[in-house]
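Protein chains in written order, with the numbering used here: chain A, 1 to 335; chain B, 1001 to 1335; chain C, 2001 to 2325; chain D, 3001 to 3325.
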Amino acid sequence: MSEKTFRAALNEALHQEMAANPDVVVFGEDVTGGLGGDGEEDAWGGAFGVTKGLLAAYGRDRVLDTPISESAFVGAAGGAALTGLRPVVEIMFVDFIGVCLDQVMNQAAKFRYMFGGKARTPMVLRATFGAGARSASQHSQALYPIFTHIPGLKVVIPATPHDAKGLLIEAIRDDDPVIFLENKMLYDVTGEVPDQSYTVPFGEARVVREGGDATIIAFGRMVGRAEDAAKTLAKEGIDVTIVDPRTTSPLDTETILEFAEETGRVVVVDEANPRCGMAADIAALIAEEAFDALKAPILKVTPPHTPVPYAPELEDAYLPDAARIADAVRRVTQH
Amino acid sequence: MSEKTFRAALNEALHQEMAANPDVVVFGEDVTGGLGGDGEEDAWGGAFGVTKGLLAAYGRDRVLDTPISESAFVGAAGGAALTGLRPVVEIMFVDFIGVCLDQVMNQAAKFRYMFGGKARTPMVLRATFGAGARSASQHSQALYPIFTHIPGLKVVIPATPHDAKGLLIEAIRDDDPVIFLENKMLYDVTGEVPDQSYTVPFGEARVVREGGDATIIAFGRMVGRAEDAAKTLAKEGIDVTIVDPRTTSPLDTETILEFAEETGRVVVVDEANPRCGMAADIAALIAEEAFDALKAPILKVTPPHTPVPYAPELEDAYLPDAARIADAVRRVTQH
Amino acid sequence: MQMSREDLARAYRTMRTIRAFELAVNAEAQAGRVPGSTHLYAGQEAVATGVCMALNREDHIVSTHRGHGHSIAKGCEVGPMMAEILGRGSGTCKGKGGSMHIADLDVGMLGANGIVGGGPPMACGAALTAKTKKTGAVAVAFSGDGAANQGTTAESMNLAMVWNLPVIFVIEDNGWGEATSAEWAVAGDIVKRAEGYGMAAERVDGLSVGDVHEAARRAVTRAREGGGPTLLHIETERFFGHFNGDVDTYRSDATKEAQRRDRDCLNRFRAQVTEAGLMEPAALDAIDAEVEAEIEAVVRAARDAAPPDPATLTTDVYVSYGYEA
Amino acid sequence: MQMSREDLARAYRTMRTIRAFELAVNAEAQAGRVPGSTHLYAGQEAVATGVCMALNREDHIVSTHRGHGHSIAKGCEVGPMMAEILGRGSGTCKGKGGSMHIADLDVGMLGANGIVGGGPPMACGAALTAKTKKTGAVAVAFSGDGAANQGTTAESMNLAMVWNLPVIFVIEDNGWGEATSAEWAVAGDIVKRAEGYGMAAERVDGLSVGDVHEAARRAVTRAREGGGPTLLHIETERFFGHFNGDVDTYRSDATKEAQRRDRDCLNRFRAQVTEAGLMEPAALDAIDAEVEAEIEAVVRAARDAAPPDPATLTTDVYVSYGYEA
Ligand SMILES: Cc1ncc(C[n+]2csc(CCOP(=O)(O)OP(=O)(O)O)c2C)c(N)n1
Ligand SMILES: Cc1ncc(C[n+]2csc(CCOP(=O)(O)OP(=O)(O)O)c2C)c(N)n1
Ligand SMILES: [Mg+2]
Ligand SMILES: [Mg+2]
């Protein structure tokens, strides 16, 4: 056990799974970097450095750079998965999914069902997501509501270095297509991460803290902001539960409903856009399944229904923050 | 005024807008058909015949077939819209959006915001959607939750021939990118459609019927099934309101909330998949904004979280039907 | 033709099976017994047959919406295929896929595909598996002339070159993408497009199963020897409309008649092998009769088969857990 | 060079403005005053300049993530551009777009683009407008060598041919797509790829603004005369890392030094025009000084400008109605 960054935790997961299973291959744009140059090999190790060092350990046969052709290489991941590899493919920014969604939505996600149960498609599509890096509208989206909407995909959103490692190993071992989303603002966050290999199961929420006054359900980077809000609220005598579902598909409806019912007051915090979004999905679940226990409206704390703006002042206002979360909790507890 | 099919209503809208405004152009795969052949010109007029006859009236300069290259021609629609045309572009099945979503999601939808308000992008993307035609997993999806999720897009789902015509004319005149979705099972449905040109405004729901016991919110083809359910329920003494929002973005939250509050009991019916879907979006809105008036859980009637199956027995079970809708209403009224 | 007599008989039987299968599907569709729509492969038999005869069971193919011929040529059983098309529980995909999603991974058939251009990337993946695991297998992507204009096809050609994959792109040019001619929609030249990627490429007469087979063998050999991808631009004919509901008014009757008369790969095969004394008319007739009987039985069985178990609506979305809506 | 003396001075001023602008952006970024990341155009000035000098204000261009040079060459004002990059309310896009989304429709600049390969389809659209409305305008899509592998580029080439559009595809080959060389990632030959679509295409020395301009003029003339699209494969140099945070270790120091020394389009221009007696060194120096002063002022003004009004977070999502979350 030692303190590691979110990035290092992911890197370790990849290393350990590649070592454990020769069928695991990694590919994507610049997952090594430097091909055709006269400088450093593995110069990038991925745009965010997550795949750095894999090349030296596992060689070019298993760590492959690609041309800028997401449809081709994401589709290749599907075809490779169908035929015996376990590809872990990187889309640098999840925003780029628009050029290759078909290979995810209509192909990999549907093989098993369309083919009458005969296909296994053990592939992981890793991508960064999220606002905060001043990357503007085309490099800052969350987009997991789109993946969560599509039957056949599993969708993972780790919030801590510990979960990042355990969920990625689980994802690589899973026999279904998994969308693994890494919030780019978390890469340098540190936390305790066991050195040995371990898995965090899909569909099991993490109960971050427990408190009887209200339940906050939050995803990814928003979990930390919910924790900040909880600290402020605790000083006011408001004790909240925070649930981090960790995977949106499968979703741990049991834990969500348990705390929704226990507290009767729910705030859902998410950085995806609000319409048909993750917060709406959770709120609708609760409004259907835990209605009788509810004591207050289910509040959603999300960005506005706008693209992500560039200027820091605007982007900071775009994302939910601890103040807005605390405010929503106050509103439900005072209801 | 006369009885027309949904298809004819759409065709009339296209004719009238093309006649009224030389900037309106139509393109897509086989929107005429027959190019390079020695047989009939305009042989298809679109895979579903919606654009038939436009060629003869407006010529090849304004009615253009395309290669099978959705990214190129949907992107071209965006570029054309930015520079002074009003393209109405056809994606044969909305399921194909996966090959070209980027040009919709990251380009057309975001121009105006990213460019600081300077761009106008008056384009309409027409596409068929929906299950029921035994077209299996890749030709039967609804997918409008994905479009509704994306800020910058307007999303239209007509349920009647009358609305099909009026909403399409409105869409063509709108200065934003509009996703116009046509349920393929409705093309042959008939209804009263005025001969002259008219518009149906976006963001104004149609109140299909009024009844005080519960409110059904339904979209597209599901409106008709809700009406069937309402007839059954009326015989049991249960009187329901049916609201057809007609556009999911903008959404007529006012009318939805008004009836949700008035009846206190709500069922949302939709044929999109349930997770992060349209039904969840509406339910979450109500759970947040009309909570105090609610007397029962908000029930969602949707397909299961599965792809669309091929065999009639399975596909019929996949789609919400009047019986399931009536059942949900009974449950909320008995709560 | 450079095929052995045994191979000639095998080729003919495969082609004839595809033709008979498609005519039967068409008849079932006309009679209203095919729930969805279907795209018939009749006229293109020599392509699937010639290519797949150059493959082993371990090799993979990815197919298109017009996939019956590829499936049969790669070894899918016609009984379950017909049942699938009729939407039966005994179908290749348990009735969940239908005509456009027939797949049989056990024989290396990775699926028909409802998305034009959906296949080439997948073939690159199958080829990557072969290369990484050193299985010696190759992968073939069948695509149409229309699909040649889809960006996925172009991307896949480049990726296949850059990764030096054992993959073969078969562009089956039947002259039409739906109601639009390739002459209008395909700018330039498909062989030259491949050459623009530095790829080996050749144009092949798709009415000659021998020519197709030879070209496929060259490509397969190149791929197995580590020589990388090949594109084959194969010119062929689509006998029916685009799908069973297409009345096909965009071609004149004269054109369609001439096509059936002069450009039928089965007729051409018969003429060639009998003239060359490689097969007797009687042997060909015997195959015809056997195939006819087989397909008839298959249709009868499919008609009689039960629909899928309603419980299967929600099964097999995932491998590793059942998921509730 | 076939340019008039006036044009030579104009070309030099544009190239120098781009260079000075990029060096200033780099300095601001190093000092932590650029909120996001940015992709510098330094080294490629002759391309944007040579191409855009062949265009009128009414012509349209679409750009890439590396868009500052294209913007300046097409006539965007450097003041608002710098303010945009620094995230100010007075920016070209009111601070909402940043470096990667600079657009100025009034001068025919349809936008930088954060999506590699996003531009070519849009350029086809702008060209369609010109063709339909008979404005006589042309559209140019700037793309990188990396973008040449994106399916959108291939699709757009075919569409442009099939529709016979007045569009020019400028493939700006700076040898790298991020940290991956074009030598590795681009199979075959980009000119041959275009020829595969039957398109007119040529390779151009991107260090010579004169050569670029000549080639662009030929392409523009062809387009305006209804002769359809052209592809220009322009070989150029990227002086900095891929983006301002890229330490660029994948090229050796020797390579980078040689590049700056031997393959600087500005140095080359100066040497050529002075040797040929077309411009005096003093005239060039004067332009340098003027440009330097202008950019310095622009940077100061941008630093001092106010951030965007917070209310603009939710404005301009749509044209025709405000939308609440
Ligand atoms: C991405 C996508 N676009 C459009 C379609 C509709 N469509 C189905 S088949 C077809 C024509 C395909 O032509 P070609 O590739 O030549 O194959 P063929 O039908 O001739 O076998 C089209 C446009 C589709 N299925 N997928
Ligand atoms: C669809 C997509 N994939 C990947 C990226 C990440 N990315 C940004 S720039 C770039 C390299 C582009 O190379 P090239 O086209 O040669 O342009 P250059 O950077 O050399 O100007 C990549 C891979 C992106 N922005 N969009
Ligand atoms: Mg074809
Ligand atoms: Mg480059």
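Every residue gets a Cβ at the ideal spot worked out from N, C-alpha and C, and that includes glycine.
Quiz item: Is there at least one Cβ from chain C nearer than 8 Å to LYS245 of chain A's Cβ?
Solution: The sequence shown places Pro at residue 245 of chain A, rather than the Lys named in the question. So no, PRO245 of chain A is outside the interface.
Quiz item: Across which residues does DSSP place ILE2139 of chain C in a beta bridge pair?
Solution: In the sequence on display, residue 2139 of chain C carries Ala and not Ile. Paired residue(s): C:HIS2060 and C:VAL2167.
Practice problem: Grab me the residues of GLU2237 of chain C's own chain with a C-beta within less than 8 Å of its C-beta, minus the 5 sequence neighbours each way, in chain order. | Solution: GLY2043, GLN2044, ASN2174, GLY2175, GLY2206, LEU2207, GLN2259, ARG2263, ASP2264 and CYS2265
Quiz item: Should THR1969 of chain C be labelled buried (16 or more other beta-carbon atoms within 10 Å of its own) or exposed?
Solution: Past the edges of chain C, shown from 2001 to 2325, lies residue 1969 of chain C, and the structure says nothing about it.
Exercise. Report yes or no: do the region 1285 to 1301 of chain B and the region 1180 to 1195 of chain B share at least 3 C-beta pairs separated by less than 8 Å?
Key: no
Exercise. State the DSSP-derived secondary structure class of ARG2270 of chain C, mapped to helix, strand or coil.
Key: helix
Quiz item: In whole angstroms, what separates the C-alpha of ARG1206 of chain B from that of VAL1269 of chain B?
Solution: 15 Å
Exercise. Check whether the Cβ of PHE1096 of chain B sits closer than 7 Å to any heavy atom of ligand 1, and report yes or no.
Key: yes
Quiz prompt | Per-residue burial, GLU2006 of chain C [other beta carbons within 10 Å of its own, 16 or more giving buried] | solution = When all chains shown are included, GLU2006 of chain C counts as exposed.
Self-check item: Within-8 Å CB hit, VAL2331 of chain C to chain A
Solution: The structure shown does not extend to residue 2331 of chain C, since chain C is modelled only from 2001 through 2325, so no value can be given for it.
Quiz prompt | C-beta contact flag for ALA2148 of chain C and VAL2191 of chain C at 8 Å | solution = no
Quiz item: Applying a beta-carbon distance threshold of less than 9 Å, which residues of chain C neighbour ARG265 of chain A?
Solution: Per Cβ cutoff of 9 Å: no residues; ARG265 of chain A is ~26 Å from chain C at best.
Practice problem: Please report how far the alpha carbon of LEU3086 of chain D lies from the alpha carbon of ILE3287 of chain D, in whole angstroms. | Solution: As the crow flies, the alpha-carbon of LEU3086 of chain D is around 26 Å from that of ILE3287 of chain D.
Quiz item: Leaving out five residues before and five after ALA3029 of chain D in sequence, what residues of the same chain have Cβ atoms less than 7 Å from its Cβ?
Solution: If we look at ALA3029 of chain D and ignore the five residues flanking it on each side, its Cβ neighbours are THR3038 and ASN3244.
Self-check item: LEU2313 of chain C: contacting residues in chain B (beta-carbon distance under 8 Å)
Solution: PRO1304, THR1306, PRO1309, LEU1314, ALA1317 and TYR1318
Quiz item: Shorter than 8 Å from the beta carbon of GLY2125 of chain C to some beta carbon of chain A?
Solution: yes
Practice problem: Output yes or no for whether 8 Å exceeds the beta carbon distance between THR3064 of chain D and GLY3119 of chain D. | Solution: yes
Quiz item: Name the residues in the region 3030 to 3045 of chain D whose C-beta lies less than 8 Å from a C-beta of chain B; which are they?
Solution: So the list is empty, because no residue satisfies the distance condition.
Practice problem: Say whether chain A places a C-beta atom closer than 8 Å to the C-beta of PRO2166 of chain C. | Solution: no
Self-check item: Exposure of ASP2285 of chain C, with buried meaning 16 or more beta-carbon neighbours within 10 Å
Solution: exposed
Self-check item: Identified DSSP bridge partners for PRO87 of chain A
Solution: A:VAL25
Quiz item: Is PHE73 of chain A helix, strand or coil by DSSP?
Solution: helix
Exercise. Answer with buried or exposed for SER3090 of chain D, where buried requires no fewer than 16 other C-beta atoms within 10 angstroms of its C-beta.
Key: buried
Quiz item: What are the boundary residues of the beta strand (DSSP E) that ASP65 of chain A is part of?
Solution: 63 to 65
Quiz item: How is LYS3096 of chain D classed by DSSP in three states: helix, strand or coil?
Solution: coil
Quiz item: Grouping DSSP H, G and I as helix and E and B as strand, with all else coil, what is THR1128 of chain B?
Solution: strand
Quiz item: Assuming LEU233 of chain A and VAL267 of chain A make a contact with CB atoms under 8 Å, what is their CB distance in whole Å?
Solution: Going by Cβ atoms, the distance from LEU233 of chain A to VAL267 of chain A rounds to 11 Å, so no, they are not a contact pair.
Quiz item: Taking only runs of the beta strand (DSSP E) that begin and end inside the region 248 to 276 of chain A, which ones reach a length of at least 3 residues, in chain order?
Solution: 266 to 269
Quiz prompt | chain B contacts from the region 2230 to 2254 of chain C (Cβ-Cβ distance under 7 Å) | solution = THR2249, TYR2250, ARG2251 and SER2252
Practice problem: Using a Cβ cut-off of 8 Å (strictly closer), state whether VAL3162 of chain D contacts chain C. | Solution: yes
Quiz item: Of the residues that make up the region 140 to 170 of chain A, which ones have a beta carbon closer than 8 Å to any beta carbon in chain C?
Solution: Taken in chain order, the members of the region 140 to 170 of chain A whose beta-carbon sits within less than 8 Å of a beta-carbon on chain C are PRO151, GLY152 and LYS154.
Quiz prompt | Candidates B:ASP1281, B:ASP1327 and B:VAL1189, of which the one nearest ALA1226 of chain B by Cα | solution = B:ASP1327
Quiz item: Is the beta carbon of TRP44 of chain A within less than 7 Å of some heavy atom of ligand 2?
Solution: no
Exercise. Considering only heavy atoms of ligand 3, list every residue whose Cβ is less than 6 Å from one of them, following chain order.
Key: Residue selection by CB proximity (closer than 6 Å to any heavy atom of ligand 3) returns C:GLY2144, C:ASP2145, C:GLY2146, C:ASN2174, C:TRP2176 and C:GLY2177 in chain order.
Self-check item: CB contact flag (PRO3121 of chain D, SER1071 of chain B, <8 Å)
Solution: yes
Self-check item: 7 Å Cβ cut-off: residues of chain B touching PRO3307 of chain D
Solution: Chain B residues near PRO3307 of chain D: none, gap ~14 Å exceeds 7 Å.
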